[in-house]
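*Asks:*
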Amino acid sequence: MDLPLLSRRAALFGGTALALAPLGKLARAQSSVVDITRARTDPIPIALPDFAGAGDAARYGRDIMRVISNNLKNSGLFRPVERAAFIQTPDAAAQTPRFQDWRVIGAQALVTGRVIDQGGQLRVEFRLWDVLPEAQLEGTLLSAATANWRRIGHLISDVIYERLLGEKGYFDTRVVYVAESGPRDRRVRRLAIMDQDGENHRFLTDGTFQVLTPRFHPNAQQIAFMSYFRNEPRVYLFNLESGRQEVLGNFRGMTLSPRFSPDGRSVILSSTRGGDANLYVVDLASRRERQLTSGSGLDVSPCYSPDGQQIVFNSDRGGDQQLYVMDAGGGNIRRISFGSGRYATPVWSPRGDLIAFTRFGRGGFAIGVMRPDGSGERILSEGWQMEGPTFAPNGRVMMYYRESPARDSRGNGYSARIASIDIAGFNERQVVTPTDATDPAWSPLLA
């Protein structure tokens, strides 16, 4: 079946262009939209047969579908139908789905497709079907180098998520974090990066200097982080394409907790001078700094709102560590946290509707969210020690890290791992990494 190319968009990944295009005319059907911001909902039963193909293409078809299945299942919003129940074969379904065979096994949605190996390039034809009205919801053609087969799976997962849930997915993303190893009093901390599912892992620094609080640029190709290179705490920039690392600037005092502005033109950070810590904005083109806050106390962990008009940060200016919001120019500062305990590491949701935070006190640590005016505070997870929330680009899932005692026979040691949870407080799970892991930061969508 020849499926016409109707439009094209390209995304650069590892130096290889990956092109996508809609396939054929779509028979639009009414699909269920699940509200994942509220109570727990039953996962959508979806049938995911392997993509059809011959020779090596069949193997890629199986591997790509495994990525899709894991992504959808791990979101907590989809339930892949057991393969043992399938009646129609993947090859036959790729030609023409026999919808009664999928209805009878309880599938509400069906994914079919075919992979063609073009000698170093993969052509993947994918379709999403609404089983009950027997209608096609989506059809897409993807073309990429064979090395990018995993990313094809992530892109298709995002299409399925958006068409069935009514909002953007988050699977075609990466996470940068601090990989930790060694005894607690002599930790080695390296920058590391991985796909959001923990695959394609690699270390970015070699551990000769300590790193903390990495954050993505809006273009997902640059990282700002704090480093103790030569025992001097400074903010550095790391380019993922070139591997080049540079200090942001030789500013007075210790600079820490950097984060890019939404337009990517500046970095906001905290700088300690004379015993106080205040917030500054550094223009990336000129490297000139502009002070935003002043006075006694420690103002740290700043984060812009998605529109760049406001900044949330934590400060002890009122005598206890709490969250504050101010205008981007530094004025109109107001406190927004009033719960029991101290608040830290605030981060604004990409949707603009929530601010995530760490809360700690005598009862331990907690990860929670509140509205930008401080109302509607909800705790999502509590534990022995946990910190550093970061939002997926659709604002519906967060990652953070939690520490737990991992005592040996002498009572030494501990473990630090990244976890994810949806903003309704469900589907909490560990993200597997090769070493201990802290300070995760989620990238924007790569495409």
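Per the numbering used here, the sequence shown runs over residues 4 to 450.
Backbone N, C-alpha and C fix where the C-beta goes; we use that ideal spot for every residue, glycine too.
Being a predicted model, the structure only gives us computed values, none of them experimental.
DSSP three-state label for Thr436, please.
*Replies:* Residue state, collapsed to three classes: coil.
*Asks:* Does Val284 come out as helix, strand or coil in the three-state DSSP assignment?
*Replies:* Correct three-state label for Val284: strand.
*Asks:* Strictly by DSSP, which residues pair up with Asn303?
*Replies:* Reading off the sequence shown, one finds Val at residue 303, where the question assumed Asn. Its beta-bridge partners are Asn317.
*Asks:* From Tyr403 to Gly116, what distance separates their C-alpha atoms?
*Replies:* Tyr403 and Gly116: Cα-Cα distance of roughly 35 Å.
*Asks:* Can you tell which of Asp45, Ser78, Asn73 has its C-alpha closest to the C-alpha of Ile424?
*Replies:* Looking at the Cα atoms, Ser78 is the closest of the given residues.
*Asks:* Use the C-beta contact count for Thr92: other C-beta atoms within 10 angstroms, 16 or more gives buried, fewer gives exposed.
*Replies:* Its Cβ having fewer than 16 others within 10 Å, Thr92 is exposed.
*Asks:* Quick check on Ala87: does DSSP put it in helix, strand or coil?
*Replies:* Of the three classes helix, strand and coil, the one that applies to Ala87 here is helix, per DSSP.
*Asks:* Kindly give me the distance between the Cβ atoms of Ile163 and Leu75, rounded to whole angstroms, as I take these residues to be in contact under 8 Å.
*Replies:* With 8 Å as the limit, Ile163 and Leu75 qualify as a contact, their Cβ atoms being about 7 Å apart.
*Asks:* Considering only the alpha carbon of each residue, which of Pro46, Asp45, Trp105, Gly58 lies closest to Arg52?
*Replies:* Inspection of the sequence shows that residue 52 is occupied by Pro rather than by Arg. The option with the nearest alpha carbon to Pro52 is Trp105.
*Asks:* Would you tell me roughly how many angstroms separate the C-alpha atoms of Trp445 and Trp132, rounded to the nearest one?
*Replies:* Approximately 30 Å between the Cα atoms of the pair.
*Asks:* Measuring straight from C-alpha to C-alpha, what distance separates Ser378 and Thr348?
*Replies:* Whole-angstrom Cα-Cα distance: 18 Å.
*Asks:* Who does Met401 pair with in a DSSP beta bridge?
*Replies:* According to DSSP, Met401 bridges with Phe394, Ile424.
*Asks:* Can we say the region 342 to 358 touches the region 307 to 327, given the rule of at least three CB pairs closer than 8 Å?
*Replies:* Counting Cβ pairs under 8 Å, three or more are found: they touch.
*Asks:* According to DSSP, is Ile71 helix, strand or coil?
*Replies:* Ile71: helix per DSSP, three-state reduction.
*Asks:* Measuring CB to CB, does Ser269 end up less than 8 Å from Val285?
*Replies:* Yes, these two residues count as a Cβ contact at 8 Å.
*Asks:* Taking C-alpha atoms, which residue in Asp120, Ile196, Gly398 lies nearest to Tyr173?
*Replies:* If we check each option's Cα against that of Tyr173, Gly398 comes out closest.
*Asks:* Could you tell me if Asn253 is buried or exposed, where buried requires 16 or more neighbouring beta carbons within 10 angstroms of its beta carbon?
*Replies:* Classification for Asn253: exposed.
*Asks:* For the region 186 to 197 against the region 149 to 168, are there 3 or more C-beta pairs whose distance is under 8 Å?
*Replies:* No, the region 186 to 197 is not in contact with the region 149 to 168.
*Asks:* What three-state label does DSSP hand Tyr94 in the structure shown?
*Replies:* The sequence given here has Asp at residue 94, not Tyr. Three-state DSSP puts Asp94 in a helix.
*Asks:* For Asp442, which three-state DSSP category applies?
*Replies:* It is a strand residue.
*Asks:* CB Val214 to CB Arg192, shorter than 8 Å?
*Replies:* Yes. Within cutoff.
*Asks:* Please name the residue or residues paired with Gly342 in a DSSP beta bridge.
*Replies:* The partner list for Gly342 (beta bridge, DSSP) is empty, contrary to what the question assumes.
*Asks:* Just tell me which of Leu144, Arg365, Pro375, Pro100 has its CA closest to the CA of Ala359.
*Replies:* The shortest C-alpha separation from Ala359 is found at Pro375.
*Asks:* What does a CB cutoff of less than 6 Å around Ala369 pick up in its chain, not counting 5 residues either side in sequence?
*Replies:* The residues are Arg362, Ile382, Glu385.
*Asks:* Going by alpha carbons, who is nearest to Ala88 out of Leu194, Ala50, Arg205?
*Replies:* Among Leu194, Ala50, Arg205, the Cα nearest to that of Ala88 belongs to Ala50.
*Asks:* Which class does Thr348 belong to by DSSP, given the choice of helix, strand or coil?
*Replies:* The answer is strand: DSSP assigns Thr348 an E or B state.
*Asks:* Using a Cβ-Cβ cutoff of less than 6 Å, which residues in the same chain neighbour Leu158 once the five nearest sequence positions on both sides are dropped?
*Replies:* Excluding sequence neighbours, Leu158 sits near Asp175.
*Asks:* What's the call for Cys352, buried or exposed, on a 16-neighbour Cβ count within 10 Å?
*Replies:* Checking the sequence shown, residue 352 turns out to be Ser, not Cys. It counts as buried.
*Asks:* Please list the terminal residues of the continuous alpha helix (DSSP H) segment that includes Gln103.
*Replies:* First-last of the alpha helix (DSSP H) with Gln103: 102 to 106.
*Asks:* Could you please give the first and the last residue of the uninterrupted alpha helix (DSSP H) stretch that includes Glu249?
*Replies:* From DSSP, Glu249 is part of no alpha helix (DSSP H) but of the beta strand (DSSP E) over 248 to 250.
*Asks:* Since Phe228 and Pro217 should fall inside the 8 Å C-beta cutoff, what is the C-beta to C-beta distance between them, to a whole number of angstroms?
*Replies:* Indeed they touch by this definition, with Cβ atoms about 4 Å apart.
*Asks:* Compare the beta carbon distance of Ile119 and Gly201 with 8 Å and say whether it is the shorter of the two.
*Replies:* Contact: no.
*Asks:* Whole angstroms are fine: how far does the CA of Val250 sit from the CA of Gln111?
*Replies:* C-alpha separation (whole angstroms): 53 Å.
*Asks:* Return yes when the Cβ of Val70 is within less than 8 Å of the Cβ of Arg153, no when it is not.
*Replies:* Against a cut-off of 8 Å, the Cβ pair of Val70 and Arg153 comes out as a contact.
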